[in-house]
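Participant: Please see the structure below; I have some questions.
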Amino acid sequence: MAFAYSQLTPITTIASSVGAVYTNPSSKTSYIRSIVIHNTNTTAETVALHNVPDNSGSVGTAAATNQFYKTSVAADTTIMIEFPVPGIILSDTNDTIQASTTTASKVTIQISGATE
Numbered sequence: 588m589a590f591a592y593s594q595l596t597p598i599t600t601i602a603s604s605v606g607a608v609y610t611n612p613s614s615k616t617s618y619i620r621s622i623v624i625h626n627t628n629t630t631a632e633t634v635a636l637h638n639v640p641d642n643s644g645s646v647g648t649a650a651a652t653n654q655f656y657k658t659s660v661a662a663d664t665t666i667m668i669e670f671p672v673p674g675i676i677l678s679d680t681n682d683t684i685q686a687s688t689t690t691a692s693k694v695t696i697q698i699s700g701a702t703e
């Protein structure tokens with residue numbers, strides 16, 4: 588049986604303060620295979636992504652030690668980040684992918700992968 592990948596999050600905007608854009612559900616393992624980022628602003632936006640482990644079952648805090656991506660995204664530009672199999676693995680309840688950008692609600696994000 589083939590592993591079925593799908594959209595894990597609907598398209599949403601990123602806040603200017605760090606916050607969860609994907610939270611691993613209870614009793615599941617998530618495999619993040621791709622992240623699509625698009626800057627709708629008329630100026631460049633700096634986007635940062637974090638792979639944040641849970642904190643004793645609760646959502647953890649983003650920090651420099653769990654940041655895995657940071658870049659300046661030019662106006663009206665799309666960036667696709669693809670991860671080879673198995674992808675970024677989130678195995679504990681409330682493990683998260685967290686994101687921030689320069690200006691709230693100007694950058695969109697979509698996350699694809701699978702859960703089992």
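The number in the numbering used here is simply the position in the sequence shown, starting from 1, with 587 added.
Using N, Cα and C, we set each Cβ at its ideal position, and we do this for glycine too.
Applying the 10 Å Cβ sphere with the 16-neighbour rule, what's the burial state of E703?
Facilitator: By one-based count along the sequence shown, residue 703 stands at place 116. Label assigned to E703: exposed.
Participant: With which residues is S593 paired in a DSSP beta bridge?
Facilitator: One-based indexing of the sequence shown puts residue 593 at position 6. Beta-bridge pairing links S593 to G700.
Participant: My assumption, with CB atoms under 8 Å, is that V639 sits in contact with A649. Please give the rounded CB distance.
Facilitator: Taking the first residue of the sequence shown as 1, we reach residue 639 at position 52. Taking the first residue of the sequence shown as 1, we reach residue 649 at position 62. Sure, about 5 Å apart at Cβ, within 8 Å.
Participant: Roughly how many whole angstroms lie between the Cα atoms of Q697 and P671?
Facilitator: Taking the sequence shown and counting its residues from 1, one reaches residue 697 at position 110. Taking the sequence shown and counting its residues from 1, one reaches residue 671 at position 84. Distance between the alpha carbons of Q697 and P671: 17 Å.
Participant: Who are the Cβ neighbours of T664 in its own chain at under 6 Å, not counting the five residues just before and after it?
Facilitator: Here residue 664 is taken as the residue at index 77 of the sequence shown, counted from 1. If we look at T664 and ignore the five residues flanking it on each side, its Cβ neighbours are N626.
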